[in-house]
Amino acid sequence: MQILKKAFGEYATNCYILKGEQGDLVIDPGEGSFDWVMQNTGKIAAVLNTHGHYDHVYDDAKLQRMGAKIYIHESDAFMLRADPFETMPESIEADVLVKGQEQSLEIAGFNVKFSLFAGHTPGSCMIEVDGVIFSGDVI
Ligand SMILES: [Zn+2]
Numbered sequence: 572m573q574i575l576k577k578a579f580g581e582y583a584t585n586c587y588i589l590k591g592e593q594g595d596l597v598i599d600p601g602e603g604s605f606d607w608v609m610q611n612t613g614k615i616a617a618v619l620n621t622h623g624h625y626d627h628v629y630d631d632a633k634l635q636r637m638g639a640k641i642y643i644h645e646s647d648a649f650m651l652r653a654d655p656f657e658t659m660p661e662s663i664e665a666d667v668l669v670k671g672q673e674q675s676l677e678i679a680g681f682n683v684k685f686s687l688f689a690g691h692t693p694g695s696c697m698i699e700v701d702g703v704i705f706s707g708d709v710i
């Protein structure tokens with residue numbers, strides 16, 4: 572699996588692109604990541620959000636319009652809809668809500684596992700993709 576990484580925004584939040592044959596996964600597209608993502612992907616299958624803080628989901632809406640399915644834990648879905656700090660450019664609905672303590676999914680040929688580590692936000696997750704862990708702000 573080829574992984575691309577770049578930091579965006581005032582918190583230098585890491586955005587990742589995981590290249591796959593059936594489409595790419597994007598993890599935590601922060602503020603200003605859209606252009607970089609579009610330059611480095613052919614087809615985006617999904618956007619996986621470790622949690623709902625704006626610096627991790629800022630460009631979700633733009634990528635959703637490009638056809639990407641948005642994944643986030645159900646306990647953080649409210650952050651995409653209504654941002655209490657008014658830091659998000661627009662309000663969106665996630666396409667897939669991850670539920671419970673642990674959920675395994677097959678997305679575009681990748682084996683994806685969300686594990687809930689509530690605390691940083693109610694729905695903060697570690698996301699494991701084909702054996703590689705993306706921890707967001709959990710650690
Ligand atoms: Zn955070």
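Residue numbers for the sequence shown follow our numbering, so the first one is 572 and each next one is one higher. Glycine residues also receive a C-beta, built at the ideal position from the N, C-alpha and C atoms. Computed from a predicted model, the values in this text were never measured in an experiment.
If you count every other CB in all the chains shown that lies within 10 Å of the CB of residue i, and 16 or more means buried, which is it?
i: SER675; result: exposed
i: ILE678; result: buried
i: ASP606; result: exposed
i: THR658; result: exposed
i: LYS576; result: exposed
i: PHE579; result: buried
i: GLY690; result: exposed
i: GLY591; result: buried
i: PHE688; result: buried
With the cut-off set at 7 Å, would you say residue i and residue j are in Cβ contact?
i: GLY601; j: ASP647; result: no
i: GLN635; j: ILE615; result: no
i: HIS627; j: ASP599; result: yes
i: GLY680; j: THR621; result: no
i: VAL683; j: VAL709; result: no
i: THR794; j: ASP595; result: With the chain covering 572 to 710 only, the question about residue 794 has no answer from this structure.
i: LEU589; j: MET609; result: no
Ignore the nearest five residues each way along the sequence and tell me which others in residue i's own chain have a CB closer than 6 Å to its CB.
i: ILE641; result: VAL618, ASP631, GLN635, ALA665 and ASP666
i: PHE685; result: VAL669, GLN674, CYS696 and ILE698
Alpha carbon to alpha carbon, how far is residue j from residue i? Give it in angstroms, no decimals.
i: MET650; j: HIS624; result: 7 Å
i: ILE704; j: MET637; result: 26 Å
i: TYR582; j: SER604; result: 13 Å
i: THR692; j: PRO660; result: 20 Å
i: VAL597; j: TYR629; result: 13 Å
i: GLY702; j: ILE574; result: 13 Å
i: LYS545; j: GLY671; result: As displayed, the chain neither begins before 572 nor continues past 710, which places residue 545 out of reach and without an answer.
i: GLN593; j: ALA639; result: 13 Å
Between which residues of its own chain and residue i is the CB-CB distance below 7 Å, once the five residues before and five after are set aside?
i: ALA653; result: SER662
Is residue i near ligand 2 - that is, is its Cβ less than 6 Å away from at least one heavy atom of it?
i: GLY591; result: Although ligand 2 was asked about, the structure shown includes only ligand 1 as ligands.
TODO: When you get a sec, list the residues whose CB is within less than 5 Å of any heavy atom of ligand 1, chain order please.
DONE: HIS624 and ASP708
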